[in-house]
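Beneath this line is the structure, given in structure tokens, with notes to follow.
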Amino acid sequence: MAEAATTNSSSGFSPFFDLFSGSSRFTKPSFARASVSVVAFAFFYVLASITYNLLFHPLRKVPGPLFHRATKIPWTRAWIAGNLHHSLLALHEQYGEVVRIAPNELSFISAAAFQQIYGTDSIARNPRLPALNGNQHDIMFWTNIADHTRFRKYLIHSLNGPSAISGHESVIQRNADVFRRQVEAQANANDRVVNMTNFYDWLTFDVAGDLLWRESFGSLEKLETHPWQELQGVAALGTYGVLIAQFPWLEKIMRALTPRKLLELMLDVVKEKQKTMLPNAGVASLASAKFPGLLSPNEVNANLVILVNAGGETTSTTLNAATYFLTRNKACARKAREEVRAAFASENDISHPKVTQLPYLNAVILETLRLAPVVPTSISRYAVREVLIDGAMVPKGTCIRTTNFAAGRYSTYFRDASEFRPERWLGHPSFESDNRAAIQPFLSGKHSCMGRKFAEMEMTHVLARLLWAYEFELVDDTFGFCEQRTNLLWEKGPLNVRMIPV
4 MAEAATTNSS SGFSPFFDLF SGSSRFTKPS FARASVSVVA FAFFYVLASI
54 TYNLLFHPLR KVPGPLFHRA TKIPWTRAWI AGNLHHSLLA LHEQYGEVVR
104 IAPNELSFIS AAAFQQIYGT DSIARNPRLP ALNGNQHDIM FWTNIADHTR
154 FRKYLIHSLN GPSAISGHES VIQRNADVFR RQVEAQANAN DRVVNMTNFY
204 DWLTFDVAGD LLWRESFGSL EKLETHPWQE LQGVAALGTY GVLIAQFPWL
254 EKIMRALTPR KLLELMLDVV KEKQKTMLPN AGVASLASAK FPGLLSPNEV
304 NANLVILVNA GGETTSTTLN AATYFLTRNK ACARKAREEV RAAFASENDI
354 SHPKVTQLPY LNAVILETLR LAPVVPTSIS RYAVREVLID GAMVPKGTCI
404 RTTNFAAGRY STYFRDASEF RPERWLGHPS FESDNRAAIQ PFLSGKHSCM
454 GRKFAEMEMT HVLARLLWAY EFELVDDTFG FCEQRTNLLW EKGPLNVRMI
504 PV
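So the sequence shown is numbered by my numbering: it starts at 4 and just counts up by one.
Rendered as structure tokens:
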């Protein structure tokens, strides 16, 4: 009797225990039915999403490949592979100036679109794109237009004011002196071969520190990469932020994978520099004196972080690309060298403003920015209300991208679009039909690059001195700058150049 009771009792609970043991004959069919239900739900959800994206989405009439219009898979695959810039160029060549590159994202390349996107309050920064340093208190990763206006007011005078410009040349000059000395030492020690990627990174990072605080980071003197720059190579390349903007559920995972100590390092360095800076020395001090209290301490620090990152990485990339193109185009290098040597009696005479007014040298830089823009695919933006852009009605909530790499190489805009031809910027009749307005490397209006004047001074000065002193010879003939991976910025590999004294 007791045995029967025990048997009955245990049999009453056996389905419960069998869920964990996996022995119940009822569990397998139940699990199978649940699995089928989940798979069926996922299938119909995906099918419904694709159907909506293709047939009912507000962007359904905008041209683009079927798979791109249906899902984010092609966009994501190209982004992760680092070849989104080439993918979007191919799409624009096939579909024209406006392309639907994902279910809710458009890519534009026309000059009119650039003006409309960056000249209206109807288009804002993508609110889902996080700041690389974890806050929203800076000129790049702002979410509020009023904040953006405050940040520009705080920074622009100390970057571009007359008194500031006069002090900038000395910053460039003294760091370029160290750069030239170290390049020559490395060339002498290594059969004239120098990895210019490293030297440009060290130079522009040191210049950024000197510009802001009148104290460089010492990378050139030590010939070593500062931990801050290591972070540039890990996080600031854009995979982190842009993937989160596309897939918000990735944020916690990506934050967990990002080296926290390196993220904190940037702000720690800035805070220490702020404590020791001298009055009226450098952009940071000048800005604080001009507009005391306009920004909170956190906002000041965050904006200085952005200035170091933007000023160092972007200028380094352009110098790197220009050097590469000159190694590939000996006639262009010879013309630029002849222009520099005709303008200055010696390398030590190279100075502002004359060096920034050399036509062919400036054309070399513009042509470099056309073929290898610093931000090849741009940071996506967001339509806060319905807006007409270049003839396309863009619904509220649409992601918008201006694709610089595609604009610069679009065969409808430029003759010999993939060729390095600086003369196209000098009124040469062969290129009179080029649509040069499509190239907007520094943007315009309230979103224009505040450091443009300084960047032009730095790039022309450094290139002029190198052209005066050396002929460039690419060591690895198989290397192609524009074949490198990109995400937000270029993932620059070694640029080994033989620096041959002239």
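Note that the Cβ used here is the ideal one computed from N, Cα and C, for glycine as well.
The model shown is predicted, which means the values in this text are computed figures rather than measured ones.
Using 8 angstroms as the threshold, is the C-beta distance between M462 and T318 below it? yes
Going by DSSP, which residues form a beta bridge with L391? M396
> Is the stretch 200 to 219 touching the stretch 381 to 400, taking contact as three or more C-beta pairs under 8 angstroms?
Replying inline: no
If you run the structure through DSSP and keep just helix, strand and coil, what is V531? This structure gives no information on residue 531, because the portion of the chain shown stretches from 4 to 505.
- From S433, D479, A346 and T405, residue whose alpha carbon lies closest to that of R468: A346
>> Tell me the rounded alpha-carbon separation between T489 and G85.
In response: 5 angstroms
So for M502, helix, strand or coil by DSSP?
strand
- prompt: What are the boundary residues of the alpha helix (DSSP H) that includes S222?
  reply: S222 to K225
Problem set entry | Through-space distance from H464 to A386, alpha-carbon basis | 40 angstroms
- Where L364 and D209 are concerned, what is the direct C-alpha to C-alpha distance, given to the nearest angstrom? 24 angstroms
Got a sec, what are the start and stop residues for the alpha helix (DSSP H) Y327 sits in?
P300 to R331
Does DSSP put F475 in a helix, in a strand, or in coil? strand
**Asked** What number of angstroms, rounded off, separates the C-alpha of P443 from the C-alpha of R404?
**Response** Per the sequence shown, residue 443 should be read as Gln rather than Pro. The straight-line gap from Cα to Cα measures roughly 14 angstroms.
Item to check | Reduced DSSP category for G25 - H, G, I as helix; E, B as strand; rest coil | outcome: Residue placement at G25 cannot be trusted, given a pLDDT of 48 that sits under 50; the coordinates are not used to answer.
Taking only runs of the alpha helix (DSSP H) that begin and end inside the stretch 148 to 231, which ones reach a length of at least 4 residues, in chain order? 148 to 163, 165 to 192, 199 to 216 and 222 to 225
* **Cα-Cα separation, R183 to D479** => 23 angstroms
field: Distance between beta carbons of H95 and A409, contact taken as under 8 angstroms
entry: 4 angstroms
Given that a residue counts as buried once 16 or more other Cβ atoms are within 10 Å of its Cβ, and exposed if not, what is F29? Residue confidence for F29 is low, a pLDDT of 48 falling below 50, so the modelled location carries little weight and cannot support an answer.
| message | Using only the alpha-carbon positions, how far apart do L369 and P432 sit? | response | 18 angstroms
* **Spatial distance of S447 from A45 (CA atoms)** => 45 angstroms
Worksheet item: Could you give the residue range of the beta strand (DSSP E) that holds T79?
Response: Counting along the chain, T79 falls outside any beta strand (DSSP E), though it belongs to the alpha helix (DSSP H) covering I76 to A84.
Return no unless some Cβ of chain D is closer than 8 angstroms to the Cβ of H151. You won't find chain D in this structure, because it holds only one protein chain.
Proximal residues to S291 (C-beta, below 8 angstroms), its chain only, five neighbours per side dropped:
V303
Exercise. Apart from the five residues on each side of it in sequence, which residues of its chain come closer than 6 angstroms, Cβ to Cβ, to V237?
Worked result: Low confidence applies to V237: its pLDDT is 46, below 50, so where it sits in the model is not reliable, and the reading given next is rough at best. So the list is empty, once near-sequence residues are dropped.
For the alpha helix (DSSP H) holding A114, just list the boundary residues, first then last. A114 to Y121
**Asked** Y55 lies in the alpha helix (DSSP H); which residues open and close that run?
**Response** Segment: none, Y55 is in no alpha helix (DSSP H) and carries neither H nor E.
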